[in-house]
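Q:
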Amino acid sequence: MKYNKIQDLKNFSLPSNFRGKGKITVQLWWLVSSTLFSWSPQFMYSFRVSLLRMFGAKIGSNVLIRPTVIITYPWKLVIGSNSWIGDNVKIYNLGNIIIGNDVVVSQESYLCTGSHNYRKSTFDIWQKEIVINDESWIGTDVFIYPGIIVGKGVVVAARSTVTENLIDNNIYAGTPAKLLKKRLDS
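Structure representation (structure tokens):
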């Protein structure tokens, strides 16, 4: 009787141009990220933003990004003006991540745009864009799934897991995140 493997990683292959840049650029970013970016003093926000822009990130003015933030591919990152990215945030942007104006992504949060197809033995990798609209606050230690759109003015409570799109001007909490109430009465 022949055994069919459920997961056969020797047959895994990365889709063409999945990273969006060549191997040398990817490796150079990882070197810069793990040295100049992460070693920069806390107050050097504009220096870190400049490094990200040099690698293709589109970032507005007055953006605060802590040195402990991990960004996989800056060329797949857009951040509007006056936004803050807190300590130890992981921006796993295999796909694009678009963060609007006046957004706070609090410490330890994880924005994840990719995963694998567990139904295929080749464990194919895929990505879907994440959008966090203006004036939203992502609380500490929040996980956001691939393909999510966070509406304008949304608050996501600490330690929540976002598995579905979130509607404007609401507060969500839990795993999975559920609607609690309006943020502001209209």
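Residue 140 in the numbering used here is what sits at position 145 of the sequence shown, and the numbering runs on without skipping anything.
Each residue gets a CB set at the ideal place from its N, CA and C atoms; glycine is no exception.
Since we're looking at a predicted model, the values are computed, not measured.
Would you identify the three-state DSSP class for Val149, choosing helix, strand or coil?
A: Here residue 149 corresponds to residue number 154 of the sequence shown, with the count starting at 1. Coil.
Q: Measure the Cβ-Cβ separation of Asp163 and Gly142 and say whether it is below 8 Å.
A: For the purposes of this step, residue 163 is taken as residue 168 along the sequence shown, with counting starting at 1. For the purposes of this step, residue 142 is taken as residue 147 along the sequence shown, with counting starting at 1. Not closer than 8 Å, so no.
Q: Might you give, ordered along the chain, the residues of its own chain that have their beta carbon closer than 7 Å to the beta carbon of Leu174, omitting 5 neighbours on each side?
A: Here residue 174 is taken as the residue at index 179 of the sequence shown, counted from 1. Once the five neighbours on either side are set aside, the close Cβ partners of Leu174 are Asn165 and Tyr167.
Q: When burial is assigned at 16 or more other CB atoms within 10 Å of the CB, is Trp132 buried or exposed?
A: Sequence index remark: in the sequence shown, residue 132 carries index 137 (1-based). With 16 or more Cβ atoms within 10 Å of its Cβ, Trp132 is classed as buried.
Q: Leu4: which of Leu161, Ile125, His111 and Val126 sits nearest, CA to CA?
A: Here the question's residue 4 lines up with position 9 in the sequence shown. Per the Cα distances, His111.
Q: Can you give me the C-alpha to C-alpha distance between Leu9 and Ser155, rounded to a whole angstrom?
A: Numbered from 1 along the sequence shown, position 14 holds the residue referred to as residue 9. Numbered from 1 along the sequence shown, position 160 holds the residue referred to as residue 155. Cα to Cα, Leu9 sits roughly 31 Å from Ser155.
Q: Comparing C-alpha positions only, which one of Ala153, Phe38, Asn128 and Gly75 sits nearest to Ile144?
A: Here residue 144 is taken as the residue at index 149 of the sequence shown, counted from 1. Looking at the Cα atoms, Asn128 is the closest of the given residues.
Q: What residues match up with Tyr140 in a beta bridge as DSSP calls it?
A: Taking the sequence shown and counting its residues from 1, the one referred to as residue 140 is at position 145. For Tyr140, which the question treats as bridged, DSSP gives no partner whatsoever.
Q: Among the residues of its own chain, which have a CB less than 6 Å from the CB of Ala52, if the five just before and after it don't count?
A: To locate residue 52, count along the sequence shown from 1; it is residue 57. Closer than 6 Å at Cβ, skipping near neighbours: Pro69 and Leu72.
Q: By alpha-carbon positions, which one of Tyr40, Arg178, Asn12 and Ile65 ends up nearest to Glu103?
A: Reading the sequence shown from its first residue, position 108 is the one you call residue 103. If we check each option's Cα against that of Glu103, Ile65 comes out closest.
Q: Buried or exposed: where does Leu26 fall if 16 or more other Cβ atoms within 10 Å of its Cβ makes it buried?
A: Along the sequence shown, read from residue 1 onward, the residue named residue 26 stands at position 31. It counts as exposed.
Q: Spatial neighbours of Leu89 within its chain, please: CB distance less than 6 Å, with the 5 preceding and 5 following residues excluded, ordered by chain position.
A: Position 94 of the sequence shown, counted from the first residue, corresponds to residue 89. Contacts found: Thr108, Gly109 and Gln122.
Q: Checking 8 Å against the spacing of the C-beta atoms, do Ile93 and Glu124 come in under that value?
A: Position 98 of the sequence shown, counting from 1, holds the residue named residue 93. Position 129 of the sequence shown, counting from 1, holds the residue named residue 124. Yes.
Q: Starting from Val21, trace the alpha helix (DSSP H) both ways and give me its first and last residue.
A: Within the sequence shown, numbered from 1, the residue matching residue 21 stands at position 26. Its alpha helix (DSSP H) spans residues Lys18 to Val27.
Q: Can you tell me whether Arg114 is buried or exposed? The criterion is at least 16 other CB atoms within 10 Å of its CB, across all chains shown.
A: On the sequence shown, position 119 is the one that residue 114 refers to. So Arg114 ends up on the exposed side.
Q: Please list the terminal residues of the continuous alpha helix (DSSP H) segment that includes Ser41.
A: Taking the sequence shown and counting its residues from 1, one reaches residue 41 at position 46. Run containing Ser41: Tyr40 to Met49, per the alpha helix (DSSP H) assignment.
Q: Leaving out five residues on either side along the sequence, give the residues of the same chain with a beta carbon under 7 Å from the beta carbon of Arg48.
A: Counting from one through the sequence shown, the residue named residue 48 turns up at place 53. Result list for Arg48: Ile54, in chain order.
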